[in-house]
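First comes the structure, then the notes that go with it.
In this note's numbering, the protein residues as written are 1 to 180.
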């Protein structure tokens, strides 16, 4: 069972555990989802700072809880290009790891950022996507944000690295390192 969101919860904790709520918080005018204050400011304090009444805070908390109810969706559709599959296998083999863990977490000026790390083991929450013996571990939370996305690898002189084309991204920041 998913833990209910309360007024006393820190904004940083909420967006870390439920990045899908960032856009809703932004729509309420709470733009501190990625700032340095979010780990120390409660949801109630954030709403009060934006002029919310007691009733409006209650309604906002109710809406946030409705949005973070567990989804019944199946595994995501994530395309791994041959270039990405080759690099995943190469990096895993050279570091003695089993898979690339792709995550979505709070951060950046648009609210969400991708995280990449090599992983030894799959967690109970992970969904495994495999192509040409290259494995990608996704948390169920990240999978919702990445459904329909394409992971590629660019080997350019100035921009080498994994690139994600995500049809669920509604906006990106100017530098391209975060999205919502």
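We put the beta carbon where it would ideally sit given N, CA and C, even for glycine.
| Check | Outcome |
| --- | --- |
| Reduced DSSP category for residue 61 - H, G, I as helix; E, B as strand; rest coil | helix |
| C-beta atoms of residue 160 and residue 80 nearer than 8 Å | no |
| Cut-off 6 Å between Cβ atoms - residues of its own chain near residue 18, not counting five sequence neighbours on either side | 68 |
| Nearest residue (CA-CA) to residue 33, options 98, 107 and 122 | 107 |
| Beta bridge counterpart(s) of residue 163 as assigned by DSSP | 152 |
| Proximity of residue 46 and residue 11 at Cβ, strictly below 8 Å | yes |
| Stretch-stretch touch, CB-based, cutoff 8 Å, three pairs: the stretch 83-92 with the stretch 129-147 | yes |
| Through-space distance from residue 139 to residue 56, alpha-carbon basis | 32 Å |
| Inter-residue spacing [alpha-carbon to alpha-carbon] between residue 122 and residue 144 | 18 Å |
| Whole-number beta carbon distance between residue 8 and residue 41, since they are thought to touch under 8 Å | That pair is no contact at about 11 Å. |
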